[in-house]
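See structure below.
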Amino acid sequence: YGEDILEYKPELELLGVHVAFKQNYQLLVDNFSLIRDQITPDVTILMLKCLRYAEIPQHFAKKLKELKWLKTCLGFRAPPGTFLVNDDWKCLLNIVDDVPLLDLKFYGDEIRVYAGELRKVSVIVGFIEASKAIACRVTKLLCSSLFTEERGVAMLECYRELSTKHGKLPVDLANCMKYERWLHTSLGFRAPQEAIIFGSEWEHVSKISNLPFIDDYYYSEYGQGKGISIYRDELMALGAKAELKHGAPFVISGLKIPHDASAITPEAVISLLKCIRSWKMLGSALPDNFMSSINLRWVKTTAGYRHPKNCLLFGPACSSLHRDDGPFVDEVFYGQEILSYESELHTLGVIVDARAGCALMAQCLKSCSNGDAISRIYSYLEALRWKPRNANDNWIWVPQGSDNGQWVSPDRCVLYDRNSLFGSQLHVLVTWYDYKLLRFFKTVFGVKGHPTIGDYCRLWIMWQNSKSTPTPKDCAAFFEFVDKNWNTEIGKYLAGSITKVPVCSEDRILLLPKQDVFIPDDLLLEDLFRMQAEQPLFVWYPPASLSLLSPAKLNEIYSTVGVQKISKVVTRDESEDLKLDHSLTMVQKGTVIKPGLLRIILAFLADPALDFPAEKRHEMVSCLTNVVVYETAMPLTVSYQVGLSSGRSLNVKSARIFRWEREESRIFMTRNFGSASLENAERVQCAAYFAEEISKGLLFERTDQVPALAELIMAGFLLDFDVPAVRFLLKFKNVRLLEDDEQFCSYLA
2 YGEDILEYKP
12 ELELLGVHVA
22 FKQNYQLLVD
32 NFSLIRDQIT
42 PDVTILMLKC
52 LRYAEIPQHF
62 AKKLKELKWL
72 KTCLGFRAPP
82 GTFLVNDDWK
92 CLLNIVDDVP
102 LLDLKFYGDE
112 IRVYAGELRK
122 VSVIVGFIEA
132 SKAIACRVTK
142 LLCSSLFTEE
152 RGVAMLECYR
162 ELSTKHGKLP
172 VDLANCMKYE
182 RWLHTSLGFR
192 APQEAIIFGS
202 EWEHVSKISN
212 LPFIDDYYYS
222 EYGQGKGISI
232 YRDELMALGA
242 KAELKHGAPF
252 VISGLKIPHD
262 ASAITPEAVI
272 SLLKCIRSWK
282 MLGSALPDNF
292 MSSINLRWVK
302 TTAGYRHPKN
312 CLLFGPACSS
322 LHRDDGPFVD
332 EVFYGQEILS
342 YESELHTLGV
352 IVDARAGCAL
362 MAQCLKSCSN
372 GDAISRIYSY
382 LEALRWKPRN
392 ANDNWIWVPQ
402 GSDNGQWVSP
412 DRCVLYDRNS
422 LFGSQLHVLV
432 TWYDYKLLRF
442 FKTVFGVKGH
452 PTIGDYCRLW
462 IMWQNSKSTP
472 TPKDCAAFFE
482 FVDKNWNTEI
492 GKYLAGSITK
502 VPVCSEDRIL
512 LLPKQDVFIP
522 DDLLLEDLFR
532 MQAEQPLFVW
542 YPPASLSLLS
552 PAKLNEIYST
562 VGVQKISKVV
572 TRDESEDLKL
582 DHSLTMVQKG
592 TVIKPGLLRI
602 ILAFLADPAL
612 DFPAEKRHEM
622 VSCLTNVVVY
632 ETAMPLTVSY
642 QVGLSSGRSL
652 NVKSARIFRW
662 EREESRIFMT
672 RNFGSASLEN
682 AERVQCAAYF
692 AEEISKGLLF
702 ERTDQVPALA
712 ELIMAGFLLD
722 FDVPAVRFLL
732 KFKNVRLLED
742 DEQFCSYLA
């Protein structure tokens, strides 16, 4: 049409042609067509105005999101992901590269007026959107391992600036900075809350734990040449730990005890205890892997390096001990400060309660060889009322010098040995220990206070089987113990143990088989055999200076163990016949068997305890009244024989004064012994033999009564059986002659 048509604008307008814009943005939207080569700042502003003023801009906005019409520092781009930078948060752009920023030099500041419209087509305009976009970009960089140390420092610088300006960061950005693993540490990349800012407080504990210290060297070229340390406050705000008390989880989880325990410094242990205290304040139990890690020999004690559970803390209850008596935590090495961590040490397994330490000290007891130290440990265990699981184990230390000795079981020990008999059999503890420990040994280990009958029997067996023999003093002490503890059971026990009994030979003791030794219950037989025997034949009796033990009691003991009385085992032989020839002279009747003798016998037999009726008594006496008495010049001898275990017999002969041949009703007596001119000794001898012969002949069925009757007859013999004297004798002995017997005596007279 040429330019002439412009002169007809009113007419064209009447025809419906739009000859002026008149803010008709909807018309532009409806007929929108983008020619890329003609995109100018004014066109861009017009498009944004269309978004603002068009009646129905939704379709238009969607179309604009897909077209590359915004000029950025990286060329023309579609609106999504494009940034309209703002000074309040532009520091975010330092964290990542290649951010498409709207070219403000191209558009001028006018474009900021349309921030709302730009936001509608997904241009990143505000702080929150920018933070979210940058956080997303950072995450992608971290996933592709393209996040450099420079970006890390930029992140911290940005955090510092944004925190100053805005106080609180948007959630996405804050979470990215706190929880993404972008900080380089000694253990690799970690999130700030998983990292530690190194300081002097961490120096010692780092020797025993692998800790994620932020790598200052890695960031050394940045941060104004001071590395990352200038961002200490920011790192702490993001969750990094600077103080040991806040880093307990790192120490606990990273614990690594070195193989060489001597490399662990006291300061490192104190630091570890501080961390345990901090951990416990959170109310959590220490993890199993930590408890497993510390179960090594690393705690310095006075007995070397030990597992925590095998050492103790020295406390007031240990006052009876020296520090080197057991594996006590070395306070000199660690310093007094370690005592303030009693609870933490207990958590590690260190024994801090004295009573709980008894078991460990009891174990240490066995490895100790110093007598003084062992006594102190015993005192410690005694004070805390410790009891062993097995009291029969070798718990008792028997010293042999200052640092030597042996461990023995309680049954090989005794507290006291009053007579010093058991030095070679038992360990007598009073030799080395005081009363308090002796009581401990008795109540805890069951050590007997004194040797038992079993110990005494074993001692006697040892004497029996050894070449050495006991001294008289030892022998007396043995039998005194037996007497003091005598009962039927002990008698049986002795009878089964004792095979040899003591005899005396030249002032020393010999032990001979009990079958060849006898109890001398008959002095006449004792004298006969003692003179004839080649070796001692009779049991030993202690002299009064050694023992108060009576011979009667000792005889009871000897009898119980199997020693026989000489009177019971000897056999008597009077078989030699005397012929009635010219060598015999009949003695006048009544000269020997006198009325006084008969009165004594009848009175004795009348004792109700003997239960002899009158008829029986008179019959027994009648056998005496009818005997014929002969006097002979020939000696009257009796042969005694006793058998020995060797099979041979020992024979002795004794001269007798009287012999009563009961069956033949005759009595023989040696001439001159009936004379009244006998010396006193001969007269007593004659009285004794006569009394014994008459008593044995009468009471052959009641031999237990022979000694009593013999005693009365002997007394009567010495009184020449004078009837008035006999009457007094019977009365004095409380023996009554009954009326029937009195009449019988009168009849015999």
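Note that the sequence shown covers residues 2 to 750 in the working numbering. Ideal Cβ placement from N, Cα and C applies to all residues, glycine included. Since the model is a prediction, treat every value here as computed from it, not as a measurement.
Cβ-Cβ distance between Gln27 and Ala55 below 7 Å: yes
When you compare only the Cα positions, how much space is there between Ile491 and Asn466? 21 Å
Would you kindly check if the distance between the Cβ of Asp523 and the Cβ of Ser568 is under 7 Å? yes
If you follow the beta strand (DSSP E) that Trp398 is in, where does it begin and where does it stop? 397-400
How many whole angstroms separate the CB atoms of Val518 and Val593, which I take to be in contact at a CB cut-off of 8 Å? 39 Å between Cβ atoms; not a contact.
Tell me the residue span of the alpha helix (DSSP H) that contains Pro267. 267-282
Let me know if Tyr220 comes out buried or exposed under the rule of 16 or more other beta-carbons within 10 Å of its beta-carbon. buried
Reducing DSSP to helix, strand and coil, say where Ala534 ends up. coil
Within 8 Å, do at least three Cβ pairs link the region 678-692 to the region 600-615? no
Thinking C-alpha only, which one of His247, Leu585, Lys367, Thr302 is nearest Ile277? His247
Report, in whole angstroms, the separation of the C-beta atoms of Arg749 and Thr572, which I expect to be a contact under 8 Å. In the sequence on display, residue 749 carries Leu and not Arg. Not confirmed; about 36 Å, so no contact.
8 Å CB neighbourhood of Lys179 in its chain, flanking five on each side removed: Ala192, Pro193, Gln194, Leu239, Gly240
Find the nearest neighbour of Ile510 within the set Leu555, Glu481, Ile602, Lys468, judged by alpha-carbon distance. Lys468
At the level of alpha carbons, what is the spacing between Pro328 and Gly168? 57 Å
Using a Cβ-Cβ cut-off of 7 Å (strictly less than) and excluding sequence neighbours within five positions of Phe190, which residues of its own chain qualify? Arg182, Trp183, Leu184
Length at least 3, wholly inside the region 388-455: the beta strand (DSSP E) runs in chain order: 397-400, 406-409
Cα-Cα, which of Pro259, Glu222, Glu204 is closest to Leu245? Glu204
CB-CB length for Cys92 against Leu7, believed under 8 Å: At roughly 54 Å, the Cβ-Cβ gap does not stay under 8 Å, so Cys92 and Leu7 are not in contact.
Using DSSP's beta-bridge definition, name the partner residues of Val629. Arg667
By Cβ distance below 7 Å, which residues in the same chain neighbour Asp326 in space, the five residues on each side in sequence not counted? Ala374, Arg377, Ile378
Enumerate in chain order the residues of its own chain whose CB-to-CB distance from Leu382 is below 7 Å, with the five nearest sequence positions on each side excluded. Cys359, Met362, Ala363
Based on DSSP bridge pairs, tell me the residues matched to Leu184. Arg191
Are the CB atoms of Leu256 and Ser210 nearer to each other than 7 Å? yes
Contact set for Leu188: own chain, Cβ-Cβ below 6 Å, skip 5 residues either direction: Pro213
If we count the other Cβ atoms within 10 Å of its Cβ and call it buried at 16 or more, is Lys654 buried or exposed? exposed
If the criterion is Cβ atoms closer than 7 Å, does the pair Pro389 and Gly447 meet it? no
Have a look at Asp394, Lys474, Glu158 and flag the residue whose alpha-carbon is nearest the alpha-carbon of Asn420. Lys474
With DSSP collapsed to three states, give me the class of Met635. coil
Please report the straight-line C-alpha distance between Val300 and Ile352, rounded to a whole angstrom. 12 Å
Find out if the Cβ-Cβ distance for the pair Arg657, Leu637 is shorter than 7 Å. yes
What does DSSP give as the partner residues of Ile520 in its beta bridges? Lys566
Three Cβ pairs or more, each shorter than 8 Å: is that satisfied between the region 78-92 and the region 151-165? yes
Neighbourhood of Ile397 by C-beta, 8 Å cutoff - its chain only, sequence neighbours within 5 removed: Trp408, Val409, Ser410, Pro411, Arg413, Cys414, His428, Leu430, Phe442, Phe446, Val448
Should the region 595-610 be called in touch with the region 725-736, which here means at least 3 C-beta pairs below 8 Å? yes
From Ser747 to Gly597, what distance separates their C-alpha atoms? 11 Å
Measuring alpha carbon to alpha carbon, tell me which residue in Tyr306, Pro250, Leu313, Asn311 is nearest Leu287. Pro250
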